[in-house]
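Have a look at the structure below before the remarks.
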Amino acid sequence: MKRTGKLGALLVLSAILLVTSACGKNNNNNNAEPSKAAASSAAAPSSEAPASEPAAPADKQISMGFAQVGAESGWRTANTDSIQSAAKEAGIDLKFSDAQQKQENQIKAIRSYIQQKVDVIAFSPVVESGWDTVLKEAKDAGIPVILTDRAVDSKDTSLYVTFMGSDFVEEGRMAGTWLADQYKDTAEDINIVELQGTTGSAPANDRKAGFAEKIAANPHLKVIASQTGDFTRAKGKEVMQAFLKANKDIDVLYAHNDDMALGAIQAIEAAGLKPGVDIKIISVDGVKDGMTAAAEGKINYIVECNPLLGPLLMQTAKDLLDGKEPPKRIVTPDGTFTSEQAKEALPNRKY
Ligand code: GYE
Numbered sequence: 365m366k367r368t369g370k371l372g373a374l375l376v377l378s379a380i381l382l383v384t385s386a387c388g389k390n391n392n393n394n395n396a397e398p399s400k401a402a403a404s405s406a407a408a409p410s411s412e413a414p415a416s417e418p419a420a421p422a423d424k425q426i427s428m429g430f431a432q433v434g435a436e437s438g439w440r441t442a443n444t445d446s447i448q449s450a451a452k453e454a455g456i457d458l459k460f461s462d463a464q465q466k467q468e469n470q471i472k473a474i475r476s477y478i479q480q481k482v483d484v485i486a487f488s489p490v491v492e493s494g495w496d497t498v499l500k501e502a503k504d505a506g507i508p509v510i511l512t513d514r515a516v517d518s519k520d521t522s523l524y525v526t527f528m529g530s531d532f533v534e535e536g537r538m539a540g541t542w543l544a545d546q547y548k549d550t551a552e553d554i555n556i557v558e559l560q561g562t563t564g565s566a567p568a569n570d571r572k573a574g575f576a577e578k579i580a581a582n583p584h585l586k587v588i589a590s591q592t593g594d595f596t597r598a599k600g601k602e603v604m605q606a607f608l609k610a611n612k613d614i615d616v617l618y619a620h621n622d623d624m625a626l627g628a629i630q631a632i633e634a635a636g637l638k639p640g641v642d643i644k645i646i647s648v649d650g651v652k653d654g655m656t657a658a659a660e661g662k663i664n665y666i667v668e669c670n671p672l673l674g675p676l677l678m679q680t681a682k683d684l685l686d687g688k689e690p691p692k693r694i695v696t697p698d699g700t701f702t703s704e705q706a707k708e709a710l711p712n713r714k715y
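To convert, count from 1 in the sequence shown and add 364; that's the numbering used here.
What follows is the structure in structure tokens.
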């Protein structure tokens with residue numbers, strides 16, 4: 365119990381330290397691979413631990429049911445790869461399902477994991493609300509639930525063991541802070557359009573809120589249109605087309621993820637405009653295609669969101685089944701990239 369406390373404290377501390385440094389005002393992101401650094405530092409105690417002390421009885425393989433959101437973005441693909449490869453490495457029997465961005469599919473998958481009596485359930489909730497009933501079913505069956513990446517809004521926090529992932533409000537704040545700084549001396553109105561993530565999802569709610577908070581002080585920064593693009597490239601393109609049709613003078617696009625920004629870039633170019641120049645673009649994630657667009661100057665600023673949660677998830681599951689209590693919230697740290705920084709980081713980018 366005592367050692368768990370220490371491990372937990374260490375994880376949280378290293379995450380907080382990195383978050384703090386990543387969010388520092390003069391963060392110039394010297395680190396060529398902040399994601400890798402972040403992931404390994406968050407998972408460092410984890411990946412070293414099992415070699416010396418097996419977490420579960422040697423003869424019993426841990427089974428984990430994982431209900432994934434879908435395959436909507438490059439971020440999600442990297443997240444899935446991380447989870448699947450970390451399970452293999454940890455010797456965990458992973459049952460994996462893809463809910464195609466539908467809550468009812470995730471609920472079905474969780475119920476089937478309960479029926480199969482897995483040792484632990486993990487999932488990334490597509491939306492924040494509506495989980496209490498199924499989480500209660502898992503709890504009644506004595507199966508612990510770990511939330512990865514996205515949060516639920518359940519009042520009863522005993523329905524899950526821990527929630528690991530980025531601080532999305534902080535990501536929105538980083539995006540808003542950069543923009544506010546770019547236009548701090550403007551005397552004209554700056555027209556911003558926003559492509560939101562999946563309606564009702566934690567990253568859409570929080571990235572919107574954090575951004576709004578940071579641009580609020582300057583009345584010239586105006587969000588003139590804000591709509592969901594469901595975190596996909598196709599939807600990002602479609603909604604951007606509509607934005608361009610309805611608004612003559614768009615100065616800035618804030619996209620809640622790289623994929624929507626990449627779709628929007630196609631729409632912007634098709635309209636004869638230069639992304640990154642005629643319309644400044646900010647996005648979140650930092651996946652390879654996004655970083656490439658940033659290096660080309662088509663995206664001006666990327667707030668990173670680390671998808672490499674697999675090793676931390678597997679270690680947490682092992683610890684949990686070993687009787688240790690993980691911290692209730694594990695924040696994974698994120699950095700930021702200007703075009704220049706993206707250019708530098710790109711050659712070492714893993715996803
Ligand atoms: O930003 C987006 C994905 O939940 C953090 O989901 C994740 C988000 C990510 O579809 O690309």
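From the three backbone atoms N, C-alpha and C, an ideal C-beta is built for every residue, glycine too. Nothing here was measured: the structure is a model prediction, and the numbers come from that model.
{"query": "Assigned secondary structure, Ala420 (DSSP; H/G/I helix, E/B strand, else coil)", "result": "Any reading at Ala420 is ruled out, since the residue's pLDDT is 48, under 50, leaving its predicted position unreliable."}
{"query": "Ser728 burial status per 10 Å Cβ neighbour count (16 or more: buried)", "result": "Outside the shown range of the chain, which is 365 to 715, sits residue 728, and nothing can be said about it."}
{"query": "beta-carbon Asn621 near the ligand GYE non-hydrogen atom, thresh 7 Å", "result": "yes"}
{"query": "Rounded straight-line distance, which links the Cα of Asp649 to that of Thr656", "result": "12 Å"}
{"query": "Cβ pair Val587, Glu558 closer than 8 Å", "result": "yes"}
{"query": "Pro567 Cβ short of 7 Å to the ligand GYE heavy atom set", "result": "yes"}
{"query": "Separation of Ile471 from Thr702, as counted between CA atoms", "result": "39 Å"}
{"query": "Rounded separation between Leu710 and Leu523 - CA only", "result": "40 Å"}
{"query": "Segment limits, beta strand (DSSP E) that includes Gly438", "result": "Segment 438-454 is the alpha helix (DSSP H) holding Gly438; no beta strand (DSSP E) there."}
{"query": "Three-way DSSP call (helix, strand, coil) for Glu397 in this model", "result": "Confidence at Glu397 is low in this model, with a pLDDT of 29, below 50, so the placement of that residue should be treated as unreliable; the coordinate-derived value is given next. Coil at Glu397, not helix or strand."}
{"query": "Asn582 - DSSP class collapsed to helix/strand/coil", "result": "coil"}
{"query": "Supposed close pair Phe532, Arg571 - CB separation, criterion 8 Å", "result": "5 Å"}
{"query": "Endpoints, the beta strand (DSSP E) within which Lys638 is located", "result": "Careful: Lys638 lies outside any beta strand (DSSP E) and carries neither H nor E."}
{"query": "Exposure of Asn392, with buried meaning 16 or more beta-carbon neighbours within 10 Å", "result": "Because Asn392 carries a pLDDT of 34, less than 50, the predicted location of this residue cannot be relied on, and no value is offered for it."}
{"query": "beta-carbon Val695 near the ligand GYE non-hydrogen atom, thresh 7 Å", "result": "no"}
{"query": "Integer-rounded CB distance, given that Pro489 should sit under 8 Å from Leu511", "result": "7 Å"}
{"query": "Thr615: CB within 7 Å of a non-hydrogen atom of the ligand GYE", "result": "The sequence given here places Asp at residue 615; Thr does not occur at that position. Asp615: no, Cβ never under 7 Å from the ligand GYE."}
{"query": "beta-carbon Asp513 near the ligand GYE non-hydrogen atom, thresh 7 Å", "result": "yes"}
{"query": "Cutoff 7 Å; reference Ile579; Cβ partners in own chain excluding five residues on either side", "result": "Gly540, Leu543, Ala544, Leu585"}
{"query": "For Ala568 and Ile485, the rounded distance between their alpha carbons", "result": "24 Å"}
{"query": "Buried/exposed call for Lys612, threshold 16 Cβ in 10 Å", "result": "exposed"}
{"query": "Beta-bridge partners of Phe460, as assigned by DSSP", "result": "Phe430"}
{"query": "Contacting residues, own chain, Cβ-Cβ under 7 Å from Asp462 (five flanking each side not counted)", "result": "Gln432, Gly434, Ala435"}
{"query": "Residues of its chain near Gly536, where Cβ-Cβ distance is below 7 Å and the 5 sequence neighbours each way are ignored", "result": "Asp570, Arg571, Lys572, Ala573, Gly574, Phe575"}
{"query": "Which residues DSSP lists as bridging Asn555, in chain order", "result": "Lys586"}
{"query": "Gln465 classed as buried or exposed, judged by whether at least 16 other C-beta atoms fall within 10 angstroms", "result": "buried"}
{"query": "In DSSP terms, what Ser647 is bridged to", "result": "Ile666"}
{"query": "Three-state class that DSSP yields for Gly529 in the structure shown", "result": "strand"}
{"query": "Spatial distance of Lys601 from Lys714 (CA atoms)", "result": "26 Å"}
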